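Novice:
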Amino acid sequence: MSSDDTSAFAFQAVVANARAVRTFLNLKFMDPPSSMKVHYSLTDRIKILK
Numbered sequence: 057m058s059s060d061d062t063s064a065f066a067f068q069a070v071v072a073n074a075r076a077v078r079t080f081l082n083l084k085f086m087d088p089p090s091s092m093k094v095h096y097s098l099t100d101r102i103k104i105l106k
């Protein structure tokens, strides 16, 4: 992996994390149990990509 690939992946991970956090916060106020499921499934997906 070149340093360009690494920084591109890091950027994608940051963007995905920001989306996950925003989704998590949006859902948290509506329905805590389902928001936790969404949060964990997004986190698992990011781990799988690594």
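Everything in the sequence shown is counted per my numbering, starting at 57 for the first residue and increasing by one. Glycine is no exception: its CB is placed at the ideal position from the N, C-alpha and C atoms. Keep in mind it's a predicted model, so treat the numbers as computed, not measured.
1. Nearest-angstrom Cα distance between Ser63 and Thr79?
2. Leaving out five residues before and five after Ala108 in sequence, what residues of the same chain have Cβ atoms less than 6 angstroms from its Cβ?
3. Ordered along the chain, which non-local residues of its own chain (more than five positions away) have a Cβ less than 6 angstroms from that of Ala74?
Specialist: According to the structure shown:
1. 24 angstroms
2. A question about residue 108 goes unanswered here, because the residues of the chain that appear run from 57 up to 106.
3. none
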